[in-house]
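K.L.:
In this note's numbering, the protein residues as written are 4 to 781.
Where a beta carbon is used, it is the ideal one built from N, C-alpha and C, also for glycine.
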């Protein structure tokens, strides 16, 4: 009895202490929550412009008054007049809620963060074979490509303005001054340069000007590469360390460039992106090119999509990268139907580097290494996973390799987590003399060349596994690496890049995305003078051109080609330009086989390449186009059952959907078809094999060629869907004449997750107007 009492005292004290701790933790939690409520975040405030009270003479005054009513300290970062109507600011959660309740406020949305996702290309695309395709005329030089990215390096030879006439009279932009950037940085080629950092600085603090210029100057390289890919001037003898040598030129070599620096070392923020789009629209660009993307959301929540809608309305084509999250399905960015979404394919060019093993076997990889080569003799060889005490040492992450085991040896590292080129520096710092970089399952057989800082080559997963087997079976493994320079004529080409993001479209399954693919692997274009080709701080090399891969590279190809098409056909809408690029794209090789997917080694599908690989020569004369006007897109928003406020957010207009009209997403006049069917299995029970779903799509074709009669043909890989087209022929007798047809898809019930594909073509014997069809059962 006494013992239990004694034991009970410490327990009682413990319970009291725990109680006090709980009380203290509760107080701390409350203080943290209160602090979080007081913390300010960046918001984008969408205003109903038409609802401005008569007491205000300017919208900016109305915006300022509304903001002042909820916060004495908040200041506007930007006011927007084109991309949206409204402003961006920093508010607490409570202030945001208070502002949201005021008259004229459509929505208050938190700022989003976005990330950044050639010598051979003109020949590969056939531009050198057809002098009739967009002859270099004054009409091309009237085009302005606005690039929203990391800025521009004005000293790049690709911005040489030799031979260009005066800046187009319609241009309203300017050359903003800033660190390392003055008025003379612009010329008749780089005609505009602006920078936007308020959204970035409000979130992450002031720009570190010891690392990057607070100006339009590009200290990263990405912006210079994308803008010169789109519209760089012709530069003879361009190369990266002798690789890919030739005449570098942008897709629209005589077009003008305007750069809008919206991305910084810490990322790209929607407040800045919107400000860049707002000015690009106001300045008078003809094409907007954005090689960046963020999370997927409904269009009325996506600042990039909202800004792109306004651009489209003003006749500006917006081209965006699809993303680098492939080969995963549903991995696309920038899927709004008024955006041209571009995936990536390969060129017929490669940069081989060869691995020779001590057992006499040889393998091919890729590399852009340009330094002192290894000796011809075989060198000691080790797997990084056997030269580390770390569980992830196989990845050659900084500090994981044991120098005594690596010194003087070639090291095999596995790809993943850290940058490919950084792995080489880790090997070099540990005393290694060379690196073989092996793909893992995530990258498979796709190879991307890098300008390594030590002798190194990348190899495929299959090759890597064979080499690892040799390493584990030989007591004294040896190897060497030799470099093969530049090889062209590689076949098959193009193939879909494994990293290129894939469909289906997760926001609107009825719209097939991506739209097209274009060259995006190992692309040579202009580069910054502030960073080496690897982008690593230890890379002190400086180059005028760099070879880079990504959908960031494929997007500006299409941007430049769109500028050339717009110059040839100034009356074409953005929808007509995109249609010409899509309906003339190719999805098969000359052998008739479907374009390959490097991720699988098998045939790719429209979820990978959209309408196919861009063919600019054919796009000049497409015969017919699927045109789209602003009203078509507003009807599309009605079909999505958007509310009046949501439609106003996207379209910036008061619009009420007609309750007597039946809106259908399938009626959007898109150049491709995506047809979702219901699943065959509901509630765990199989539906009848005879059960069918019927989906109808209506389309209208506009004649942009000569008088002709077009007949339809349909090819399909499945018998599960019956496809009928009415009428089966269309006769056009005048320019711009329009004809409508209906496609009926009757699909049998299939298991959920089933996909299948078909193709519809209209032809007059000269032109082929092609459309991919993707079926899904959900």
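At 4 residues or longer, and completely inside the region 254-310: list those alpha helix (DSSP H) runs for me, N to C.
P.N.:
273-286
K.L.:
Just how far apart, CA to CA, sit residue 379 and residue 373?
P.N.:
Stepping through the chain shown from its first residue, residue 379 is reached at position 376. Stepping through the chain shown from its first residue, residue 373 is reached at position 370. Straight-line Cα distance between these residues: approximately 16 Å.
K.L.:
From the DSSP secondary-structure annotation, give me the bridge partner or partners of residue 116.
P.N.:
Start at 1 with the first residue of the chain shown, and residue 116 comes out as number 113. In DSSP, residue 116 forms a bridge with 272.
K.L.:
Span of the alpha helix (DSSP H) holding residue 469?
P.N.:
Taking the chain shown and counting its residues from 1, one reaches residue 469 at position 466. Start and end: 464-476.
K.L.:
Would you grab the beta carbon distance between residue 192 and residue 164 for me? Rounded to a whole angstrom, and I think it's under 8 Å.
P.N.:
Your numbering for residue 192 matches position 189 in the chain shown. Your numbering for residue 164 matches position 161 in the chain shown. The pair is a contact, with the Cβ atoms about 4 Å apart (cut-off 8 Å).
K.L.:
Between the alpha carbons of residue 396 and residue 403, how many angstroms are there, rounded?
P.N.:
On the chain shown, position 393 is the one that residue 396 refers to. On the chain shown, position 400 is the one that residue 403 refers to. In this structure, the CA atom of residue 396 is about 5 Å from the CA atom of residue 403.
K.L.:
If you count every other CB in all the chains shown that lies within 10 Å of the CB of residue 222, and 16 or more means buried, which is it?
P.N.:
As a working mapping, residue 222 is identified with position 219 in the chain shown. With 16 or more Cβ atoms within 10 Å of its Cβ, residue 222 is classed as buried.
K.L.:
How far does the alpha helix (DSSP H) with residue 160 in it extend, from its first residue to its last?
P.N.:
Looking up residue 160 in the chain shown gives position 157. Neither: residue 160 is in no alpha helix (DSSP H) and is coded neither H nor E.
K.L.:
Can you find the residues in the same chain that come closer than 7 Å, C-beta to C-beta, to residue 767, ignoring five residues on each side of it along the sequence?
P.N.:
Taking the chain shown and counting its residues from 1, one reaches residue 767 at position 764. Counting only Cβ-Cβ distances below 7 Å, and skipping sequence neighbours, we find 626, 711, 712 and 713.
K.L.:
Distance, Cα to Cα, residue 144 vs residue 291?
P.N.:
Here the question's residue 144 lines up with position 141 in the chain shown. Here the question's residue 291 lines up with position 288 in the chain shown. Residue 144 and residue 291: Cα-Cα distance of roughly 16 Å.
K.L.:
Identify every residue that forms a DSSP beta bridge with residue 679.
P.N.:
Start at 1 with the first residue of the chain shown, and residue 679 comes out as number 676. Bridge partners of residue 679: 779.
K.L.:
So, are the CB atoms of residue 147 and residue 101 less than 8 Å apart?
P.N.:
The sequence position of residue 147 within the chain shown is 144, counting from 1. The sequence position of residue 101 within the chain shown is 98, counting from 1. No, the Cβ-Cβ distance between residue 147 and residue 101 is not below 8 Å.
K.L.:
Does any heavy atom of the ligand ATP sit closer than 7 Å to the C-beta of residue 677?
P.N.:
Looking for the ligand ATP in the displayed structure turns up nothing, as the structure carries no ligands at all.
K.L.:
Please tell me whether residue 489 and residue 246 are closer than 8 Å, where the distance is taken between their beta carbons.
P.N.:
Against the chain shown, residue 489 aligns to sequence position 486. Against the chain shown, residue 246 aligns to sequence position 243. For residue 489 and residue 246, yes; Cβs fall inside 8 Å.
K.L.:
Buried or exposed: where does residue 685 fall if 16 or more other Cβ atoms within 10 Å of its Cβ makes it buried?
P.N.:
In the chain shown, residue 685 corresponds to position 682, counting from 1. Here residue 685 scores only 43 on pLDDT, less than 50, and its place in the model should not be relied on; the value that follows carries that caveat. With fewer than 16 other Cβ atoms within 10 Å, it is exposed.
K.L.:
Would you tell me roughly how many angstroms separate the C-alpha atoms of residue 781 and residue 757, rounded to the nearest one?
P.N.:
For the purposes of this step, residue 781 is taken as the residue at position 778 of the chain shown. For the purposes of this step, residue 757 is taken as the residue at position 754 of the chain shown. When rounded, the distance between both Cα atoms is 8 Å.
K.L.:
What does DSSP give as the partner residue(s) for residue 628 in the beta ladder?
P.N.:
For the purposes of this step, residue 628 is taken as the residue at position 625 of the chain shown. Its beta-bridge partners are 705.
K.L.:
Residue 326 and residue 334: beta carbons closer than 8 Å?
P.N.:
Counting from 1 along the chain shown, the entry for residue 326 is found at position 323. Counting from 1 along the chain shown, the entry for residue 334 is found at position 331. For residue 326 and residue 334, yes; Cβs fall inside 8 Å.
K.L.:
Does the pairing of the region 498-505 with the region 385-394 give three or more beta-carbon distances under 8 Å?
P.N.:
no
K.L.:
Would you call the region 513-531 in contact with the region 602-614, where contact means no fewer than 3 C-beta pairs closer than 8 Å?
P.N.:
yes
K.L.:
Is the beta carbon of residue 256 sitting closer than 8 Å to the one on residue 80?
P.N.:
Position 253 of the chain shown, counted from the start, is the residue given in the question as residue 256. Position 77 of the chain shown, counted from the start, is the residue given in the question as residue 80. No, the Cβ-Cβ distance between residue 256 and residue 80 is not below 8 Å.
K.L.:
Buried or exposed: residue 179, going by 16 or more other Cβ atoms within 10 Å of its Cβ?
P.N.:
The residue labelled residue 179 in the question sits at position 176 within the chain shown. So residue 179 counts as buried.
K.L.:
Hey, could you find the ends of the alpha helix (DSSP H) residue 666 is sitting in?
P.N.:
In the chain shown, residue 666 corresponds to position 663, counting from 1. First-last for residue 666: undefined, no H or E at that position.
K.L.:
Using the three-state DSSP reduction, which class does residue 567 fall into: helix, strand or coil?
P.N.:
Residue numbering aside, residue 567 sits at position 564 when the chain shown is read from its first letter. In this structure, residue 567 counts as helix in the three-state DSSP scheme.
K.L.:
What distance in whole Å lies between the Cβ atoms of residue 84 and residue 305, which are believed to be in contact at a cut-off of 8 Å?
P.N.:
The residue you call residue 305 lines up with position 302 of the chain shown. The residue you call residue 84 lines up with position 81 of the chain shown. About 20 Å separates the two Cβ atoms, so there is no contact after all.
K.L.:
Between residue 639 and residue 779, is the Cβ-Cβ spacing less than 8 Å?
P.N.:
For this step, residue 639 is matched to residue 636 along the chain shown. For this step, residue 779 is matched to residue 776 along the chain shown. Not closer than 8 Å, so no.
K.L.:
Measuring straight from C-alpha to C-alpha, what distance separates residue 480 and residue 487?
P.N.:
Reading the chain shown from its first residue, position 477 is the one you call residue 480. Reading the chain shown from its first residue, position 484 is the one you call residue 487. Cα to Cα, residue 480 sits roughly 23 Å from residue 487.
K.L.:
Starting from the N-terminal side, write out each stretch of the alpha helix (DSSP H) that is 4 residues or longer and does not extend beyond the region 324-409.
P.N.:
406-409
K.L.:
In chain order, which alpha helix (DSSP H) runs of at least 4 residues are fully inside the region 178-230?
P.N.:
If we require 4 residues or more, the alpha helix (DSSP H) runs fully inside the region 178-230 come out as 201-207.
K.L.:
Can you tell me the Cα-Cα spacing of residue 751 and residue 699, whole angstroms?
P.N.:
Counting from one through the chain shown, the residue named residue 751 turns up at place 748. Counting from one through the chain shown, the residue named residue 699 turns up at place 696. Whole-angstrom Cα-Cα distance: 15 Å.
K.L.:
From residue 44 to residue 114, what does the alpha carbon distance come to, in whole angstroms?
P.N.:
Taking the first residue of the chain shown as 1, we reach residue 44 at position 41. Taking the first residue of the chain shown as 1, we reach residue 114 at position 111. Looking at the two C-alpha atoms, the distance is approximately 8 Å.
K.L.:
Contact check, residue 705 vs residue 743 under 8 Å by CB: the rounded distance?
P.N.:
Numbered from 1 along the chain shown, position 702 holds the residue referred to as residue 705. Numbered from 1 along the chain shown, position 740 holds the residue referred to as residue 743. Residue 705 to residue 743, Cβ: 11 Å. No contact.
K.L.:
From the DSSP output, in three-state form, read off residue 560 for me.
P.N.:
As a first step, residue 560 must be located in the chain shown, where it is residue number 557. Helix at residue 560.
K.L.:
Candidates 352, 107 and 76: which alpha carbon is nearest residue 95's?
P.N.:
Against the chain shown, residue 95 aligns to sequence position 92. Measuring from the Cα of residue 95, the nearest candidate turns out to be 76.
K.L.:
Suppose the cutoff is 6 Å on Cβ atoms and the five residues either side in sequence are ignored; what does the same chain contact list for residue 608 look like?
P.N.:
To locate residue 608, count along the chain shown from 1; it is residue 605. Answer for residue 608: 760, listed in chain order.
K.L.:
For residue 765, which residues does DSSP report across the bridge?
P.N.:
Along the chain shown, read from residue 1 onward, the residue named residue 765 stands at position 762. According to DSSP, which records beta bridges pairwise, residue 765 is partnered with 715 and 772.
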